[in-house]
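First residue of the sequence shown? That's 1240 in my numbering, and the numbers climb one at a time after it. Just so you know, even glycine gets a beta-carbon here, dropped at the ideal spot from N, CA and C. The structure appears below as structure tokens.
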Amino acid sequence: MLELRQVSKVYGLGAAEVHALREVSLEVDPGMMVAVMGPSGSGKSTLLTIAGSLEEPTSGQVLVAGHDLATMSRNDKARLRRQSIGYVFQDFNLLPGLTGAENVALPLELDGVSARRAREAGLRALDALGLADRASNYPDQLSGGERQRVAIARAVVGDRQLLLADEPSGALDSENGETVMRMIHAACRQGVAAVVVTHDAQLASWADRVVFIRDGRIVDQTAPALGPESLLGQDR
Ligand code: ADP
């Protein structure tokens, strides 16, 4: 679903040059959840913005759903972002004047889907993440954890196949952080590919794979032996 091939990103010029990514290669299959960990400034956000076609790499190739971003027109990339990629950030960015369901339906409406069909798809996405009873609530009537779950529903509404999340649990307590990771995990079980930046090793253990990045380089990749639920003896 997502493939980075030898991707490098250099910001600035000459003495001010910053090598944010150095020949990073990463493959994320449909249904797979990858956590990215690393110190501040190591290139995690750059990796997400390049994977999400929000910035171009200095060198290397980025493929999303088999399309090489470098060969796509601006319009095609915009459509890919609208239809296939969902973004979740630390602060939830829900629109305060819209209910949960309306927030989730918004990306579809912006993409030209009729209001009724967008609303139905929005309710389905909320239902799939266990939030059906919050659909009519406005963001200020939701807890921080619920707001972030609505943001995740919005990121996977319709047929989005790639979910990119930058510290989605950063502003939450550990219980809500777990819930958010559980939601992303649930989305992956429905076939979504997810890349999730987190500082928290416990939360990273929800992922199928953890990638460590340092000074713009992937330094280690591990498949965690046991996720938190397997420790509790539950089926993930
Ligand atoms: P992280 O998300 O791991 O904290 P970033 O990807 O934000 O790291 O940043 C990686 C490096 O690239 C840092 O040194 C940062 O200062 C630099 N950087 C990121 N974005 C820009 C930019 N738009 N212009 C210049 N330098 C940038």
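Under the three-state reduction of DSSP, R1363 is assigned to helix. Placement of the Cβ of T1285 at a distance of less than 7 Å from at least one heavy atom of the ligand ADP is found.
Nearest in C-alpha terms to L1287, of all of A1367, L1260, L1333, is L1260.
Per DSSP, the unbroken alpha helix (DSSP H) holding G1384 starts and ends at 1383 to 1395. For T1310, the three-state secondary structure derived from DSSP is helix. Here V1352 carries a coil assignment [DSSP, helix/strand/coil]. Of all alpha-carbon atoms in V1449, A1446, V1436, the one lying nearest the alpha-carbon of S1279 is that of V1436. Here D1405 is buried, its C-beta having at least 16 other C-beta atoms within 10 Å. Each residue's CA atom was taken as its position, placing T1285 and K1248 some 8 Å apart. Annotated as proximal: V1343 and V1396, with beta-carbon spacing under 8 Å. Within the segment 1428 to 1461, the complete alpha helix (DSSP H) segments at least 4 residues long are 1440 to 1443, listed from N- to C-terminus. Under the three-state reduction of DSSP output, G1277 falls in the coil class, being neither helix nor strand. Using a Cβ distance threshold of 8 Å, N1376 and G1339 count as a contacting pair. At a threshold of 7 Å, Y1250 counts as near the ligand ADP, since its beta carbon sits closer than that to one of the ligand's heavy atoms. According to DSSP, L1401 shares a beta bridge with I1324, A1432. Excluding residues up to 5 positions away in sequence, S1247, K1248, V1249 lie with their Cβ nearer than 7 Å to the Cβ of T1297 in the same chain.
Take A1304, set aside five residues on each side of it, and the residues of its chain with a beta-carbon closer than 7 Å to its own are M1240, S1323, Q1400, in chain order. In the DSSP secondary-structure assignment, K1316 is not bridged to any residue.
Excluding residues up to 5 positions away in sequence, I1452, R1453, D1454, G1455 lie with their Cβ nearer than 8 Å to the Cβ of S1281 in the same chain.
Under the three-state reduction of DSSP output, E1294 falls in the coil class, being neither helix nor strand. Selection A1371, L1337, A1394, N1332 evaluated against A1410 yields N1332 as nearest (Cα-Cα). Secondary structure at G1251: coil, using DSSP grouped into helix, strand and coil. Take K1316, set aside five residues on each side of it, and the residues of its chain with a beta-carbon closer than 6 Å to its own are S1292, in chain order. In the displayed model, E1266 falls within a strand according to three-state DSSP. Distance between V1257 and V1327, taken at the CA atoms: about 26 Å.
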